[in-house]
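*Asks:* Could you have a look at this structure, given as structure tokens, before my questions?
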Amino acid sequence: MINKDISDSEGFSGLCPPAAVLFCMLIPHFDSHGKMNGGPGYIKDAICPRINYLTIKNIPKFLQDINNHTNVKWFVFNGRYWLHSIKFLSEHQKLKEEKIGKDLLPSYSGLSQELVAHEGEVEGEVEGEVEGEGRERAAVPSSTDVGLSDLDTNLKAILKDCPHLDLISTGASSTFWDQILAMCEPYPQAGPAWLSIKIRKWNQWFSTNKGRRSKKREFLEDRITGWVVKDLEAMARRKT
40 MINKDISDSE
50 GFSGLCPPAA
60 VLFCMLIPHF
70 DSHGKMNGGP
80 GYIKDAICPR
90 INYLTIKNIP
100 KFLQDINNHT
110 NVKWFVFNGR
120 YWLHSIKFLS
130 EHQKLKEEKI
140 GKDLLPSYSG
150 LSQELVAHEG
160 EVEGEVEGEV
170 EGEGRERAAV
180 PSSTDVGLSD
190 LDTNLKAILK
200 DCPHLDLIST
210 GASSTFWDQI
220 LAMCEPYPQA
230 GPAWLSIKIR
240 KWNQWFSTNK
250 GRRSKKREFL
260 EDRITGWVVK
270 DLEAMARRKT
């Protein structure tokens, strides 16, 4: 959470204006451990969908600025992007320990090779994001997509009815789905029926928001991961 110290923060004052806006918008979205999905597609969808000057194309640059100037670190773990406010628990978390919930996401370890400087890496994600927001982006399957044979039979059947999730309906996303299932496992409420409903809701969301659909599998996986983490964190806080 933001406190008055931000007014005299040398790090915050060093951010460029768009990065400063993004920094403030990130804060209420951190989980109870000060972490969140750092995928540019997820951040655009969940954090700043109506801020036209923050786009999937330039968000990586502003996240790198935040990483360089503040205690919010942007890093890669197991091929995915994450954000970790490394002083969140010690300086900002006011919840009692029993209400914080499980720590579901990776932590920033401080290794320099984790830092991600990849301007242009997400340029293919959106072309004319503001001007062409209503136009559906063509899906570009990964060259490693190998069909549905590697997916769980029940999962495959559900995804078959969800055409707007076709990018993650292939064997290339089997590791992603394994991770999602592993994250859900500690929560009895997040069983197969719950996940089935969620998958159909995600498909419906992309059907309604065709211009917001990711055209790269990795970005779509990032978005879904972010949504699942939010739901599971809410379950962890809920009284049983």
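Under our numbering, think of the first position of the sequence shown as 40, with each following residue one higher.
We put the beta carbon where it would ideally sit given N, CA and C, even for glycine.
1) Using 10 angstroms around the beta-carbon of S46, count the other beta-carbons present and answer buried if the total reaches 16, otherwise exposed.
2) Quick one: using the 10 Å Cβ neighbour count with 16 as the cut-off for buried, is I90 buried or exposed?
3) Quick one: what does DSSP say R252 is sitting in, helix, strand or coil?
4) Determine the contact status of G77 and L122, defining contact as a CB-CB distance below 7 Å.
5) Could you spell out the range, first to last residue, of the beta strand (DSSP E) harbouring N242?
6) Which of the three DSSP states is assigned to N76 in this structure?
7) Under the rule that 16 or more other beta-carbon atoms within 10 Å means buried, what is Y92, buried or exposed?
8) Who are K112's beta bridge partners in DSSP?
9) From W244 to E260, what does the alpha carbon distance come to, in whole angstroms?
10) Apart from the five residues on each side of it in sequence, which residues of its chain come closer than 6 Å, Cβ to Cβ, to C223?
11) I think F51 touches A59, with their Cβ atoms under 8 Å apart; what is that distance to the nearest whole Å?
12) Considering just the uninterrupted stretch of the alpha helix (DSSP H) at K195, what are its terminal residues?
13) Can you check which of these residues, E257, K240 and R252, is closest to A211 by C-alpha distance?
14) Taking only the alpha-carbon atoms, compute the straight-line gap between Y120 and K254 and give it to the nearest angstrom.
15) On the DSSP letters alone, give me the boundaries of the alpha helix (DSSP H) that Q228 sits inside.
16) Using the three-state DSSP reduction, which class does K148 fall into: helix, strand or coil?
17) Please say whether P145 and F127 have beta carbons closer to each other than 7 Å?
18) Quick test of your reading: A275 and K141, contact by CB under 8 Å. State the CB separation rounded to the nearest angstrom.
19) Going straight from the alpha carbon of S71 to that of L198, what length do you get?
20) Since Y81 and G265 are thought to touch, with beta carbons under 8 Å apart, how far apart are those beta carbons, to the nearest angstrom?
21) Is the CB-CB distance between K112 and I125 below 7 Å?
22) Measure the Cβ-Cβ separation of M64 and I95 and say whether it is below 7 Å.
23) To the nearest angstrom, how far is the alpha carbon of S48 from that of T109?
24) Looking at C-alpha atoms only, which residue of L54, W241, T192 and P225 is the closest neighbour of S213?
*Replies:* According to the structure data:
1) One-based indexing of the sequence shown puts residue 46 at position 7. So S46 ends up on the exposed side.
2) Looking up residue 90 in the sequence shown gives position 51. It is exposed - the Cβ of I90 has fewer than 16 other Cβ atoms within 10 Å.
3) On the sequence shown, position 213 is the one that residue 252 refers to. Three-state result, R252: coil.
4) As a working mapping, residue 77 is identified with position 38 in the sequence shown. As a working mapping, residue 122 is identified with position 83 in the sequence shown. Going by C-beta atoms, G77 is nearer than 7 Å to L122.
5) Indexing the sequence shown from 1 puts residue 242 at position 203. Secondary structure note for N242: it is in no beta strand (DSSP E), and the uninterrupted alpha helix (DSSP H) holding it is P231 to T247.
6) In the sequence shown, residue 76 corresponds to position 37, counting from 1. If DSSP states are grouped into helix, strand and coil, N76 belongs with the strands.
7) The residue labelled residue 92 in the question sits at position 53 within the sequence shown. Exposed: under 16 other Cβ atoms inside 10 Å.
8) On the sequence shown, residue 112 is found 73 positions in, with the first residue counted as 1. K112 is bridged to H123.
9) Start at 1 with the first residue of the sequence shown, and residue 244 comes out as number 205. Start at 1 with the first residue of the sequence shown, and residue 260 comes out as number 221. Between the alpha carbons of W244 and E260 lies a gap of roughly 15 Å.
10) Numbered from 1 along the sequence shown, position 184 holds the residue referred to as residue 223. Same-chain partners within the cutoff: A229.
11) Position 12 of the sequence shown, counting from 1, holds the residue named residue 51. Position 20 of the sequence shown, counting from 1, holds the residue named residue 59. Rounded to the nearest angstrom, the Cβ distance from F51 to A59 is 7 Å, consistent with a contact under 8 Å.
12) Taking the sequence shown and counting its residues from 1, one reaches residue 195 at position 156. That run of the alpha helix (DSSP H) goes T192 to K199.
13) By one-based count along the sequence shown, residue 211 stands at place 172. Of the listed residues, the one whose Cα sits closest to A211 is E257.
14) As a first step, residue 120 is located in the sequence shown; it is residue number 81 there, counting from the start. As a first step, residue 254 is located in the sequence shown; it is residue number 215 there, counting from the start. The alpha-carbon atoms of Y120 and K254 are separated by roughly 17 Å.
15) As a first step, residue 228 is located in the sequence shown; it is residue number 189 there, counting from the start. Taken as a continuous stretch (DSSP letters only), Q228 belongs to no alpha helix (DSSP H), as it is neither H nor E.
16) Position 109 of the sequence shown, counted from the start, is the residue given in the question as residue 148. Per the sequence presented here, residue 148 reads as Ser, with Lys not at that position. If DSSP states are grouped into helix, strand and coil, S148 belongs with coil.
17) For the purposes of this step, residue 127 is taken as the residue at position 88 of the sequence shown. For the purposes of this step, residue 145 is taken as the residue at position 106 of the sequence shown. No.
18) Here the question's residue 275 lines up with position 236 in the sequence shown. Here the question's residue 141 lines up with position 102 in the sequence shown. Between K141 and A275 the Cβ distance is about 5 Å, and since that is below 8 Å, they are a contact.
19) Numbered from its first residue, the sequence shown carries residue 71 at position 32. Numbered from its first residue, the sequence shown carries residue 198 at position 159. Taking the straight line from one Cα to the other gives about 31 Å.
20) Taking the first residue of the sequence shown as 1, we reach residue 81 at position 42. Taking the first residue of the sequence shown as 1, we reach residue 265 at position 226. Sure, about 4 Å apart at Cβ, within 8 Å.
21) Translated into positions along the sequence shown, residue 112 becomes position 73. Translated into positions along the sequence shown, residue 125 becomes position 86. Result yes, Cβ atoms of K112 and I125 sit closer than 7 Å.
22) To locate residue 64, count along the sequence shown from 1; it is residue 25. To locate residue 95, count along the sequence shown from 1; it is residue 56. In this structure, I95 does not lie closer than 7 Å to M64 by Cβ.
23) In the sequence shown, counting from the first residue as 1, residue 48 sits at position 9. In the sequence shown, counting from the first residue as 1, residue 109 sits at position 70. Cα-Cα distance, rounded: 9 Å.
24) For this step, residue 213 is matched to residue 174 along the sequence shown. Ranking L54, W241, T192 and P225 by Cα distance to S213 puts T192 first.
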